[in-house]
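Worksheet: the structure to be examined is printed underneath.
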Amino acid sequence: MIKFLLGLILVVVGIAALLLIPSKQEPAPMPWEITVMPDGQISVFNIHLGTTNYRQAQEALHIHGQTSIFSEEGQDTTVEAFFNSINMGGLSAKLVLNLVVDADIIEKMKSRATEARLQPSGAHRYQLGNQDNATLIHAPVSAITYIPSVRLNKEMVLHRFGFTDLVSQESENSNTEIWQYPALGLTIYLDDNEKTIMQYQLINTP
């Protein structure tokens with residue numbers, strides 16, 4: 000019995016010691032942890048907008064995205080990488096990266112697309128082939144759209160990002176409020192009936 004108790008004590012002490020050992024793994028970056036870099040642009044999720052390329056962004060997110068071209072009449076054609084589900088720090092979300100690609104290269108990629116589908120928005124989505132996907136790994140990230148699974152409210156936004164007097168209503172939906180933080184390159188769309196949308200973009204520098 001004494002040996003059993005001694006053994007049990009040693010096991011408990013061993014577990015406690017393991018719990019007290021500092022973890023070498025860095026904490027996951029959170030959506031409110033925005034750093035303004037020396038070049039005046041922001042870094043969020045370990046992605047430095049305008050500098051970090053698509054390959055590096057995938058490494059930072061620990062997941063591979065799916066790239067497509069979106070083209071709509073009257074709008075700029077965009078190259079986007081979609082991540083259907085990411086989890087960082089216990090927060091799950093959908094995420095989209097906008098990639099910087101020259102217009103002539105985009106047109107060539109569209110001509111080689113394996114599939115083109117009309118979206119509900121009216122835009123055409125072009126599915127890219129393996130060769131073009133491989134080319135995009137060097138494209139810099141210019142913007143991030145983050146859509147958390149948990150809907151944020153005004154109190155949460157104020158707590159994490161502070162006050163802003165740049166609050167307006169979306170023209171097409173009066174239920175949606177747009178909160179802008181220009182110094183952080185951040186725009187937040189709040190709606191009691193829709194998912195929260197957070198957009199991180201390049202800051203206009205002198």
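In terms of numbering that gives the first Met the number 0, the numbers along the sequence shown are unbroken and rise by one, the last being 205.
Beta carbons are placed, not taken as given, at the ideal position from N, Cα and C, and that holds for glycine.
VAL156 carries a helical assignment under DSSP once its states are collapsed to helix, strand and coil.
Look at the beta carbons and you see the stretch 119-128 not touching the stretch 168-176: under three pairs across the two are nearer than 8 Å.
DSSP places SER70 within a strand segment (E or B) once states are collapsed to three. Membership of ASN83 in the beta strand (DSSP E) is indicated by the continuous run 77-87. DSSP places ILE177 inside the beta strand (DSSP E), whose first and last residues are 172-180.
When secondary structure is reduced to three states using DSSP, ARG116 falls in the strand class. When only Cα atoms are considered, LEU183 and GLU32 end up about 10 Å apart.
The alpha-carbon of LEU157 is positioned some 16 Å away from that of VAL149. According to DSSP, ASN129 shares a beta bridge with no other residue. Taken through DSSP and simplified to helix, strand or coil, MET29 comes out as coil. Judged by DSSP secondary structure, ILE62 falls outside any alpha helix (DSSP H); it is assigned neither H nor E. One thing to note: GLN126 has its Cβ within 8 Å of the Cβ of ALA112. For ILE105, the uninterrupted alpha helix (DSSP H) segment begins and ends at 102-110. By the CB criterion at 8 Å, ILE196 and THR134 fall outside the cutoff. Residues HIS123 of the same chain have their beta carbon placed closer than 7 Å to that of LEU117, with the five preceding and five following residues left out of the count. Looking at LEU60, THR77, ALA59 and GLU58, the one whose alpha-carbon comes closest to that of SER67 is THR77. Collapsing the DSSP output to three states places ARG54 in a helix.
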